[in-house]
Structures are given as structure tokens and as C-alpha cells.
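Q: Let me begin by handing over the structure; questions about it come next.
Protein chains: 4
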Amino acid sequence: MKETVIRFKKSVKLNKPILVVGLPGIGNVGKLVAETLRKQYKPKKIATLYSPHFPHQVVMLKTGGIRLVGNRFYLLRPKGAKNDIILLTGETQAVTPEGQYEVNKKIVDFFADKLKGQFIYTLGGYSVTKELTTSPKVYANVTDKKLISKYKEHGIIFGKSRGMIWGSAGMILAFAKMRKMKGICLMGETGLLDIDASAAKAVLIALSKSTSLEINTAALDKIIEKTAKLLKEQEAIMQGQHNLEQKPAYIR
Amino acid sequence: MKETVIRFKKSVKLNKPILVVGLPGIGNVGKLVAETLRKQYKPKKIATLYSPHFPHQVVMLKTGGIRLVGNRFYLLRPKGAKNDIILLTGETQAVTPEGQYEVNKKIVDFFADKLKGQFIYTLGGYSVTKELTTSPKVYANVTDKKLISKYKEHGIIFGKSRGMIWGSAGMILAFAKMRKMKGICLMGETGLLDIDASAAKAVLIALSKSTSLEINTAALDKIIEKTAKLLKEQEAIMQGQHNLEQKPAYIR
Amino acid sequence: MKETVIRFKKSVKLNKPILVVGLPGIGNVGKLVAETLRKQYKPKKIATLYSPHFPHQVVMLKTGGIRLVGNRFYLLRPKGAKNDIILLTGETQAVTPEGQYEVNKKIVDFFADKLKGQFIYTLGGYSVTKELTTSPKVYANVTDKKLISKYKEHGIIFGKSRGMIWGSAGMILAFAKMRKMKGICLMGETGLLDIDASAAKAVLIALSKSTSLEINTAALDKIIEKTAKLLKEQEAIMQGQHNLEQKPAYIR
Amino acid sequence: MKETVIRFKKSVKLNKPILVVGLPGIGNVGKLVAETLRKQYKPKKIATLYSPHFPHQVVMLKTGGIRLVGNRFYLLRPKGAKNDIILLTGETQAVTPEGQYEVNKKIVDFFADKLKGQFIYTLGGYSVTKELTTSPKVYANVTDKKLISKYKEHGIIFGKSRGMIWGSAGMILAFAKMRKMKGICLMGETGLLDIDASAAKAVLIALSKSTSLEINTAALDKIIEKTAKLLKEQEAIMQGQHNLEQKPAYIR
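Protein chains in written order, with our numbering: chain Y, 2 to 253; chain G, 2 to 253; chain B, 2 to 253; chain U, 2 to 253.
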């Protein structure tokens with residue numbers, strides 16, 4: 002396998018589709034949102050992307066089967082929605098710059114040329130601090146400044162995020178912009194955690210405000226609760242260790 | 002050399018061949034099984050695979066000669082067997098993701114198109130613990146769920162292995178599955194050791210139960226014995242060091 | 002995106018253009034000079050270079066927009082100048098050797114074939130010491146020894162720099178030389194600092210002496226001042242810490 | 002620049018040429034031998050090899066000029082020799098496996114097809130110990146076992162070297178062997194040193210015994226002497242430090 006391939010399984014008729022990209026990344030924000038939507042809507046897979054720029058891994062499935070790592074396109078049809086939603090998620094992103102340029106260009110071209118897509122949301126985390134963020138803000142960048150006013154109304158913050166967006170969340174928008182397609186990158190404020198369900202929840206709510214997606218945050222709320230409990234326990238242990246370090250000098 | 006090449010030396014007539022893949026990997030399980038079979042059956046090499054994605058090394062042979070690192074296909078003909086066995090082994094696997102996708106795809110296509118192959122076994126280790134495993138279990142994943150019941154009878158465990166299979170053991174099955182070819186990955190439970198002959202023995206026995214291969218574990222038993230002895234000695238030293246650390250305070 | 006591309010936006014008529022290359026590198030010398038010239042001349046962008054060998058990043062713009070990382074060619078027309086100046090700068094250089102060979106060859110070919118260019122200046126830092134350099138010298142290497150005498154008159158030092166020039170500052174000259182195009186690499190002596198405005202100022206002055214560029218060093222002078230202040234503060238802190246380390250033995 | 006290129010400058014008539022390869026590597030043995038021969042014979046450069054798989058560097062020359070890193074082929078004509086000697090040396094080897102496979106294949110094909118070459122010597126170090134080696138042995142591996150007896154007469158050791166030969170010293174022989182061309186890799190026993198002139202001298206002597214090359218080891222002897230002096234000084238310092246570590250307990 003020399004090149005990234007997209008296997009388009011079902012040639013369903015799509016209704017002005019919007020792409021929502023939730024892949025692994027900072028705080029796993031995008032992936033958490035994607036998995037939440039996948040569990041809620043139980044959507045059909047319509048295409049699979051494989052790439053020699055992904056890690057050389059297969060997933061061991063619970064059933065005893067295997068699956069080559071990849072990215073998958075799912076079709077969501079929220080009730081009464083004007084646009085179909087295409088959800089893109091998977092186990093991984095490309096592991097080299099060259100791979101990222103190839104894979105993300107293919108994703109944009111597939112969405113534009115084969116799915117006749119209209120608009121792209123990419124989801125991710127924005128790492129502001131090394132502290133725990135309890136009520137994370139949502140930052141965003143867009144392909145076209147005219148989009149800003151609409152999203153500002155939903156409490157999304159523009160022009161305050163600095164630096165670089167790494168990986169698919171940024172690259173997909175860059176390639177979309179080159180084709181005159183519009184899109185937005187929603188980034189949940191994150192810091193300490195590798196799996197940041199709070200940031201994911203904030204992004205999911207922001208996404209629901211501007212799309213037809215109905216949001217059910219129950220699964221994310223459970224993770225948030227569990228994480229809070231774990232952190233408390235850990236803090237207690239750290240506190241204990243701190244005490245030990247202040248132990249009297251006669252203890253070795 | 003720009004691409005992976007397979008030099009097919011002998012155009013022997015093959016009888017519904019089955020591929021057994023034993024390459025270096027976790028615990029060197031696959032490689033140990035392959036070497037055991039190679040010593041026992043003294044099979045003929047029928048093809049050699051070279052790749053620019055292998056390390057840039059040549060092996061210094063005992064004879065004073067050299068050999069470019071590669072993978073080799075050997076033909077085993079167990080007595081009275083319905084299927085020829087093609088054993089694939091070698092010094093290395095591809096060192097990059099791109100290389101792994103290229104090399105493993107070539108292996109599957111060569112086996113299917115040139116050797117008219119029927120079924121693939123890939124062998125490897127499954128790292129469960131950092132402890133020593135004395136009576137290792139054999140876990141497996143398959144390309145097709147229908148295969149499970151047959152192998153379960155031989156004590157092989159399905160659906161309990163989690164995470165990812167890295168490298169050829171997984172990728173070869175993934176590319177086989179894409180071509181509708183069937184196969185199984187047998188993984189010996191391993192932990193502490195870089196050269197785990199116990200895990201290899203468990204995999205070899207599992208392999209023999211479902212193929213016509215007659216198994217002689219004498220060579221592996223020797224390694225197991227030697228390893229046990231070495232570990233005991235090391236333990237004794239560690240125990241000694243531990244005692245030294247508890248030396249009285251007046252010793253510097 | 003499989004290859005480096007240069008999007009040539011304006012097909013303006015150019016007057017015997019000279020290329021000035023100021024990209025990120027040692028002490029950020031080249032980039033600092035380029036940004037100084039860009040602020041001073043407010044030049045038009047005439048071409049953009051994108052490459053799959055650049056990092057897979059997009060820049061978050063203050064406006065809320067995005068920009069794929071790249072290199073940009075700007076047109077400067079100093080008053081009364083015989084030659085147009087093409088300024089090349091950007092966020093990054095290629096991240097692999099293969100990428101550097103591809104990108105820098107493309108830059109030279111584009112400048113020679115499309116812009117009918119005449120001469121190339123590449124700007125960079127030359128790391129001599131780990132100390133702070135307050136009055137940095139300017140070292141240089143050229144594609145053609147006949148160039149040396151002219152530049153020596155401007156106080157530029159030849160034949161004293163040793164070792165290797167990494168990246169675009171060197172590679173662009175190498176590819177120019179292969180095409181019989183002439184050029185010079187001006188390197189400001191640098192040491193301690195990641196952002197060395199003193200070295201950049203020295204290079205800027207050297208550049209102005211042999212081109213029609215009028216130099217305004219006000220912006221660089223501000224950075225130099227700020228840096229000096231910061232370093233003094235840091236020194237004071239270090240001094241304090243040093244004192245602490247000499248604290249009496251009864252303090253734990 | 003997308004591919005390795007060899008610029009063949011002079012189409013001189015060659016007399017059954019033998020290739021001697023001395024590139025940077027373990028103990029810099031090959032490179033030291035090559036530089037010794039280059040100084041002694043002052044040979045003409047007949048070809049230059051550039052590669053995108055080399056580091057992205059240019060050499061700053063003493064003259065104030067530049068040179069892209071590369072490998073160079075020199076023509077040596079020892080008096081009364083039956084064979085011309087082509088000496089291959091340079092600043093670097095390819096930095097990736099893929100690059101090594103490409104560059105070394107090109108070298109062999111160029112030598113065979115363009116120079117109508119007959120035999121290849123590759124020179125290198127063989128790392129046996131972490132100690133200093135004062136009277137280093139010369140180990141060798143060959144493309145064809147029939148060569149062994151001839152070289153054994155010269156005190157070269159066969160069949161005792163184990164493991165892998167990395168890089169050009171091994172790969173060039175491997176690609177030669179694939180083309181039925183013969184060759185030998187001479188490896189000087191080395192250990193502690195990055196620049197091992199003793200090992201280089203041993204290899205140079207071994208090389209002279211089986212070729213028409215007259216050997217002048219004066220330059221290498223100087224380095225050996227200097228190194229010995231440096232090591233003695235260092236040892237004295239280490240001895241001093243050791244004494245300090247045995248300082249009485251009341252010194253902190």
C-alpha cells in the first residue's frame with residue numbers, strides 16, 4: 002500500500018452534507034465528541050480511509066477479529082435537519098508531516114468531489130495551561146472572516162487563540178480554504194488532562210448550537226465525574242507524600 | 002533499490018500452501034518458532050525478500066561471507082500433509098510505517114498471486130505483564146469470526162487480547178482480510194524476557210494442533226532451562242545487593 | 002499535497018531582481034532581518050510556497066482566520082534602485098533532509114526561471130560561542146571566490162568560518178552555484194540567544210552596504226534593549242541563587 | 002533534487018579499475034585511510050555524487066567558498082600498477098535506510114556500468130571492545146568465499162567477526178554480490194576512539210598488501226602519537242579526580 006485510499010462503501014444520496022471531524026489529538030477532545038455522537042446516533046459507516054502514513058497496527062477487537070487502523074466516515078441524519086452530517090473519526094492521525102499533507106488533502110477532496118460537501122467543522126483542544134480547567138471556554142478559527150459574527154453569538158471566542166493548530170483540525174481547514182470551501186475549527190480549552198471530557202462537552206455544546214445535532218452529554222458527564230474523583234484521590238496521596246517529606250530528621 | 006522486491010528462486014509446484022510467519026518481534030516469539038521449525042525440517046528456501054525499508058545492514062556470516070538483511074520463504078513438506086507449509090522468517094521487519102505497509106502488502110500479494118496460497122498463520126508475543134510468565138497462554142485474533150470455534154477447541158483464547166498488534170503479525174492479516182483470504186494470529190503470553198522460549202513453545206504447540214507440523218520442542222526446552230538458570234543466578238545477585246544496601250551505617 | 006508548490010500570484014514585471022532569504026534558523030537572525038525589512042517597506046506578496054515537508058501546522062491569525070505555514074516572496078522596490086529586491090521569508094524550513102533538497106532546489110529554480118533573478122543573499126547566524134555577543138561580526142561564504150574582494154571592503158569576514166551551514170542559507174547557495182548563479186551567505190556572529198537582534202542588526206547593516214536597501218534599525222534596537230534588560234534581571238536572580246547556595250550549613 | 006545523482010566529470014579511459022571506499026563510520030577508519038591516500042597521491046576527482054538523503058548542509062571552505070556535502074570519486078594511478086584505483090570518499094553517508102539503499106546501489110551500478118569496474122574494497126572499523134586497542138587486528142568479510150585464502154595470507158582474519166556491518170561498507174558489497182561482482186570489506190579492530198588512527202593504519206597496511214598502493218603511514222603515525230599523549234593527560238586527570246573522591250570524610 003503506497004498511497005492513502007478511501008473506500009467509499011455506500012453510494013447513498015446525500016443532502017448538502019456538513020463534515021464534522023473528531024480525531025485523536027490534544028486532550029482527545031475531538032475524538033471524545035465524535036464517540037459521543039457515534040453512540041447517540043448509531044450512524045452507518047459510508048467510507049473508510051486507510052493510509053501507509055498511519056501507524057502499522059491492527060486493532061484487536063472484542064469479538065476476536067481484527068481491524069486495520071483507519072479513519073471512518075459515518076452518516077448522521079438528525080431529525081428535520083436541512084443538512085446531512087458526515088462524522089469523521091478513527092484511531093489515529095498520520096504520523097509524519099508528509100503523511101498529514103497527503104491524508105488531509107485526500108479527506109477534503111473526497112468530501113468536496115465525491116460527497117459534494119458544503120461546510121467543515123473540525124474539533125480539537127486548545128492547550129492554555131498546565132492546570133485543571135473546570136469550565137472550559139471554546140476558541141475558534143475560521144477559513145473566512147465573514148463567518149465570525151454568526152459563531153460569536155454562541156459564545157465562541159475569536160482572535161484570542163495564538164500559535165499553531167497541529168494536525169487534521171488545522172490542515173483540513175487549510176486545504177478547504179484553498180478550494181474556497183468554508184469551515185471552522187472549534188477548540189475546547191484544556192490543560193492538565195489527556196482525556197478531557199469537560200473540554201469535549203464544551204465543544205459539543207458549541208457544535209450543537211450551530212448545527213441540527215441534538216446533544217446528549219450524559220456519557221461525557223460520567224467521565225467528568227470519574228475524572229474529578231480520581232483527581233481528588235490523587236491529590237490526597239500527593240498531600241500524604243508531602244507530609245512524608247516533612248518527616249522528622251531521625252527517620253531515614 | 003527503490004522498492005521491496007521478492008526474488009522467487011524455485012518455481013516448484015506447490016500443494017495448497019499455508020503461510021506461517023515468524024519474524025522478530027515481542028519476546029522474539031515468532032522468530033524462535035520459525036528457527037525451531039527451520040532446524041527441524043531443514044527446508045529449502047524458495048524466495049527472498051529485500052526492502053529499502055529494512056535496516057541498512059549486512060550480516061557477517063560464520064563462513065566469512067555476507068548476506069543482505071532480508072526475509073526468506075522456506076518450503077516445508079510435513080509427511081502426509083494435505084498442505085505445503087511456507088515458512089517466512091528473517092532478520093528484521095520494516096523500520097517505518099510506510100515500509101511496513103509496503104512490505105506486508107507485497108508478502109500477502111506474493112503468497113496469494115504467485116504461490117496460490119490458502120491460509121495464513123502469523124506468530125507473535127502478547128505482552129501482558131512485566132513479570133516472568135512460566136506457563137504462558139496463547140491468545141489469538143482472526144480475519145473471520147467463523148474461524149474461532151475450531152481454534153478454541155485447541156485451548157486458544159479469543160476476545161481477551163486488547164489493544165494493538167504492531168508490525169507484520171497484524172498487518173499481514175489485515176492485508177489478507179482485504180483480499181478475502183483467511184488467517185489467524187497466534188500470540189504467546191509474554192512479559193519480562195526479550196527472548197521468551199516458553200511463549201514460543203506454547204505457540205509452537207498451538208500451531209501443531211491445527212496443522213500437520215510435527216513438533217519437536219527440545220531446542221526450545223534447552224533455552225527455557227538456560228534462561229531459568231540465568232534468572233536464578235541474577236536473583237541471587239540482586240538478593241546480595243539488597244543485603245549490601247542494608248549494610249550497617251558505618252560502612253560507606 | 003505530494004510536492005512543494007509555488008503559487009505565483011502576480012505576474013508583475015521585475016527589474017533584474019535580487020533574492021534576499023531570511024528564514025528561521027540559528028538565533029533567528031535571518032527571520033529578524035526579513036521581518037524588519039517587511040515592516041519598513043510593507044512590500045507586496047508576489048508568490049507563496051507550500052510544502053508537504055513543512056510541519057503540519059496552520060497559524061492562528063489575530064483576525065480569527067488561519068494560514069497554512071509556508072514561505073512567501075515579497076517585492077521590495079527601494080527608491081532609485083537598479084535592482085528589485087525579492088524578500089523570501091516564512092514560518093519554517095523543511096523538516097527533513099529530503100524536504101530541504103526539494104524545497105531549496107524549487108526556490109532557486111523559481112527565482113532563476115520565473116523571476117529571471119540575478120543574485121542571491123542568504124542571511125543567517127553563525128554560532129561561535131555560548132556567551133553573549135555584544136558587537137557581533139559578520140562572516141560570509143560565497144558561491145564564487147571573485148565576489149570576496151567587494152564584500153571584504155564592507156568589513157565582512159571571509160575564510161574564518163568553519164564547519165557546516167545547515168538548511169536554506171547554505172542549500173540555496175549550493176543549488177544556485179550548480180546553475181552558475183552567484184550569491185553570498187551573510188552570517189551574524191551569535192551565541193547565547195534564541196532571538197539575537199544584535200546579530201540581525203549587524204547582518205542588516207552589512208546587507209545595506211552592498212544593496213540599495215535603506216536600513217532602519219529602530220525595531221531591532223528596541224529588542225536589543227529589552228533583551229539586555231531581561232538578561233540583567235536574570236543575572237541578578239542567578240547571583241541571588243548563588244548566594245543561597247552558599248548558605249550556612251545549618252539551613253537545610 | 003529528488004534523487005541521488007552522480008556527475009561524471011572526466012570521461013578518462015580507465016584501466017580495469019578497483020574501487021576503494023573510505024567513508025565516515027565507526028572510528029572514522031575508512032575516512033582516515035581515504036584521506037591518507039588522497040594526501041599522498043593527490044588524485045584527480047573524476048565524479049561527484051550528491052543525494053537528497055545526505056544531510057542538508059554545505060561545507061564552509063577555507064577559501065571563503067562553499068561546497069554541497071557529497072561523495073567524490075578520485076582516480077589513483079600507482080606506478081606500474083595493473084589496475085587503476087578509484088577512491089570514493091566524502092563528508093557523509095545517507096542518513097536513512099531508504100537513502101542507504103538508493104545511494105549504495107547507485108555507487109555499485111556507476112562503478113560497474115560507467116567505470117567498467119572489477120573489484121571493490123570497502124574499509125571500516127569493527128567495534129570489539131570499549132577499551133583502547135593498541136595493536137588492532139584486521140577482520141574481513143567477502144562476497145565470495147573463494148577470495149578468503151588469498152587474503153588470509155596477509156594476516157587478515159575471517160569468520161571471527163559477528164553481527165552486522167552497517168552502512169556503505171556492507172551495503173556496497175551486498176549490491177556488488179547481487180551483480181556477481183566481487184569485493185571485500187576490511188575492518189580495523191577499534192574500541193574507545195572516535196578517530197582511531199591505529200585501526201586505520203592496520204587497514205591501510207592490509208590494503209597495501211593486496212593492491213599496488215604504496216603506503217606512507219607518516220600522517221597516521223602523527224595522529225596516533227597525539228592521541229596517545231592526550232589519553233595519558235586525561236588519565237592523569239582522572240587519576241586526580243579519583244584521589245579527590247577518596248578525600249577524607251570531613252571535606253564536604
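Every residue, glycine too, gets a C-beta built ideally from N, C-alpha and C.
1. For B:E92, count neighbouring C-beta atoms within 10 Å of its own C-beta (all shown protein chains included) and say buried if the count is 16 or more, exposed if not.
2. Would you mind telling me which residues of chain U sit closer than 8 Å to G:K32, beta carbon to beta carbon, in chain order?
3. What does Y:K45 pair with, by DSSP beta-bridge criteria?
4. Counting only Cβ pairs nearer than 8 Å, list the residues of chain G close to U:G23.
5. For chain U, is any of its Cβ atoms less than 8 Å away from the one on G:M61?
6. Does chain B have any CB closer than 8 Å to the CB of Y:G192?
7. Indicate whether at least one CB of chain B lies closer than 8 Å to the CB of Y:R163.
8. Would you mind working out which of Y:Q235, Y:R73, Y:I149, Y:L208 sits nearest Y:I7, comparing C-alpha positions?
9. Among Y:I19, Y:K161, Y:R180, Y:P98, which has the Cα closest to the Cα of Y:A82?
10. Cβ atoms of G:E132 and G:G71: under 8 Å apart, would you say?
11. Between B:T64 and chain Y, is any beta-carbon pair separated by less than 8 Å?
12. Within the continuous beta strand (DSSP E) that includes Y:I166, where are the two ends?
13. Taking 8 Å as the cut-off, decide whether the C-beta atoms of B:A201 and B:G189 are in contact.
14. CA-CA distance, Y:N256 and B:L33?
15. G:T37 by DSSP, collapsed to three states: which one?
16. For G:E103, is the classification buried or exposed, using 16 other Cβ atoms within 10 angstroms of its Cβ as the cut-off for buried?
17. Under the rule that 16 or more other beta-carbon atoms within 10 Å means buried, what is U:N29, buried or exposed?
18. Am I right that B:L221 and B:L205 are in contact with their C-beta atoms under 8 Å? What's the rounded C-beta distance?
19. According to DSSP, U:G184 sits in a beta bridge with which residue or residues?
20. Start and end of the beta strand (DSSP E) containing U:N254?
21. Using only the alpha-carbon positions, how far apart do U:K146 and G:G171 sit?
22. Whose C-beta lies closer than 8 Å to the C-beta of U:K10 among residues of the same chain, with five residues either side of it excluded?
23. Have a look at G:E4 and U:I225 and give me their C-alpha separation to the nearest angstrom.
24. The beta strand (DSSP E) that contains U:L88, what's its start and end?
25. Quick check: the Cα distance between B:L187 and B:K115, rounded to an integer number of angstroms?
26. Does the beta carbon of G:M182 come closer than 8 Å to any beta carbon on chain U?
27. Between which residues of its own chain and U:Q58 is the CB-CB distance below 7 Å, once the five residues before and five after are set aside?
28. Return the residues of the stretch 40-52 of chain U that lie within a Cβ-Cβ distance of less than 7 Å from chain B, sorted by chain order.
29. Between U:F159 and U:K153, is the Cβ-Cβ spacing less than 8 Å?
30. What residue range is occupied by the uninterrupted beta strand (DSSP E) comprising U:N142?
31. From Y:T64 to G:A175, what distance separates their C-alpha atoms?
32. Taking the straight line between their C-alpha atoms, what separation do you get for G:L208 and U:A207?
33. Could you tell me the boundaries of the beta strand (DSSP E) in which G:V70 lies?
34. How big is the Cα-Cα spacing for U:I27 and B:F120?
35. Along the chain, where does the beta strand (DSSP E) containing U:V6 start, and where does it finish?
A: Well, looking at it:
1. Mapped onto the third sequence, residue 92 of chain B falls at position 91. Buried is the call here.
2. Counting from 1 along the second sequence, the entry for residue 32 of chain G is found at position 31. Within chain U, no residue comes near G:K32; the closest Cβ sits about 16 Å away, beyond 8 Å.
3. The count along the first sequence starts at 1 and reaches residue 45 of chain Y at position 44. Y:K45 is bridged to Y:L76.
4. Here residue 23 of chain U refers to the residue found at position 22 of the fourth sequence. Those do not exist, as U:G23 stays about 18 Å from chain G at its closest Cβ, beyond 8 Å.
5. Taking the first residue of the second sequence as 1, we reach residue 61 of chain G at position 60. Yes - at least one Cβ of chain U is within 8 Å of the one on G:M61.
6. Position 191 of the first sequence, counted from the start, is the residue given in the question as residue 192 of chain Y. By this cut-off, Y:G192 is not an interface position.
7. Within the first sequence, numbered from 1, the residue matching residue 163 of chain Y stands at position 162. Chain B, which has a Cβ nearer than 8 Å to the Cβ of Y:R163, makes this yes.
8. To locate residue 7 of chain Y, count along the first sequence from 1; it is residue 6. Ranking the options by Cα distance to Y:I7, first place goes to Y:R73.
9. Position 81 of the first sequence, counted from the start, is the residue given in the question as residue 82 of chain Y. Minimum Cα distance to Y:A82 is reached at Y:I19.
10. Reading the second sequence from its first residue, position 70 is the one you call residue 71 of chain G. Reading the second sequence from its first residue, position 131 is the one you call residue 132 of chain G. Not a contact, by the Cβ cut-off of 8 Å.
11. Taking the third sequence and counting its residues from 1, the one referred to as residue 64 of chain B is at position 63. Taking Cβ atoms only, chain Y reaches closer than 8 Å to B:T64, which makes this a yes.
12. On the first sequence, residue 166 of chain Y is found 165 positions in, with the first residue counted as 1. Per DSSP, Y:I166 belongs to the beta strand (DSSP E) from 165-167.
13. Translated into the one-based positions of the third sequence, residue 201 of chain B becomes position 200. Translated into the one-based positions of the third sequence, residue 189 of chain B becomes position 188. Against a cut-off of 8 Å, the Cβ pair of B:G189 and B:A201 comes out as a contact.
14. Given a span of 2 to 253 for chain Y in the structure shown, any question on residue 256 of chain Y remains unanswerable.
15. Position 36 of the second sequence, counted from the first residue, corresponds to residue 37 of chain G. Residue state, collapsed to three classes: helix.
16. By 1-based counting over the second sequence, the position of residue 103 of chain G is 102. Per the 10 Å Cβ criterion, buried.
17. Counted from its first residue, the fourth sequence places residue 29 of chain U at position 28. U:N29 comes out buried.
18. If you number the third sequence from 1, residue 221 of chain B lands on position 220. If you number the third sequence from 1, residue 205 of chain B lands on position 204. That pair is a contact at about 7 Å.
19. Translated into positions along the fourth sequence, residue 184 of chain U becomes position 183. Partner(s): U:I121.
20. Since the first and last residues shown for chain U are 2 and 253, residue 254 of chain U lies out of range.
21. Translated into positions along the fourth sequence, residue 146 of chain U becomes position 145. Translated into positions along the second sequence, residue 171 of chain G becomes position 170. Going by the C-alpha atoms only, they are around 39 Å apart.
22. Position 9 of the fourth sequence, counting from 1, holds the residue named residue 10 of chain U. K46, I47, A48, T49, listed in sequence order.
23. Translated into positions along the second sequence, residue 4 of chain G becomes position 3. Translated into positions along the fourth sequence, residue 225 of chain U becomes position 224. Looking at the two C-alpha atoms, the distance is approximately 44 Å.
24. On the fourth sequence, residue 88 of chain U is found 87 positions in, with the first residue counted as 1. Here the beta strand (DSSP E) through U:L88 covers 86-91.
25. Counting from one through the third sequence, the residue named residue 187 of chain B turns up at place 186. Counting from one through the third sequence, the residue named residue 115 of chain B turns up at place 114. Approximately 25 Å between the Cα atoms of the pair.
26. Residue mapping note: residue 182 of chain G aligns to position 181 of the second sequence, counting from 1. It does not: the Cβ of G:M182 has no partner Cβ on chain U nearer than 8 Å.
27. Mapped onto the fourth sequence, residue 58 of chain U falls at position 57. Cβ neighbours of U:Q58 beyond the five flanking positions: V70.
28. none
29. Taking the first residue of the fourth sequence as 1, we reach residue 159 of chain U at position 158. Taking the first residue of the fourth sequence as 1, we reach residue 153 of chain U at position 152. Yes, the pair counts as a contact, with Cβ atoms nearer than the cut-off.
30. To locate residue 142 of chain U, count along the fourth sequence from 1; it is residue 141. 139-143 is the span of the beta strand (DSSP E), which, as asked, contains U:N142.
31. As a first step, residue 64 of chain Y is located in the first sequence; it is residue number 63 there, counting from the start. As a first step, residue 175 of chain G is located in the second sequence; it is residue number 174 there, counting from the start. Distance between the alpha carbons of Y:T64 and G:A175 is about 15 Å.
32. Residue numbering aside, residue 208 of chain G sits at position 207 when the second sequence is read from its first letter. Residue numbering aside, residue 207 of chain U sits at position 206 when the fourth sequence is read from its first letter. The straight-line gap from Cα to Cα measures roughly 51 Å.
33. Residue numbering aside, residue 70 of chain G sits at position 69 when the second sequence is read from its first letter. Looking at the DSSP string, G:V70 is not in any beta strand (DSSP E), and its letter there is neither H nor E.
34. Your numbering for residue 27 of chain U matches position 26 in the fourth sequence. Your numbering for residue 120 of chain B matches position 119 in the third sequence. Going from the Cα of U:I27 to the Cα of B:F120 covers about 41 Å.
35. As a working note, residue 6 of chain U is residue 5 in the fourth sequence. Segment 6-9, the beta strand (DSSP E) holding U:V6.
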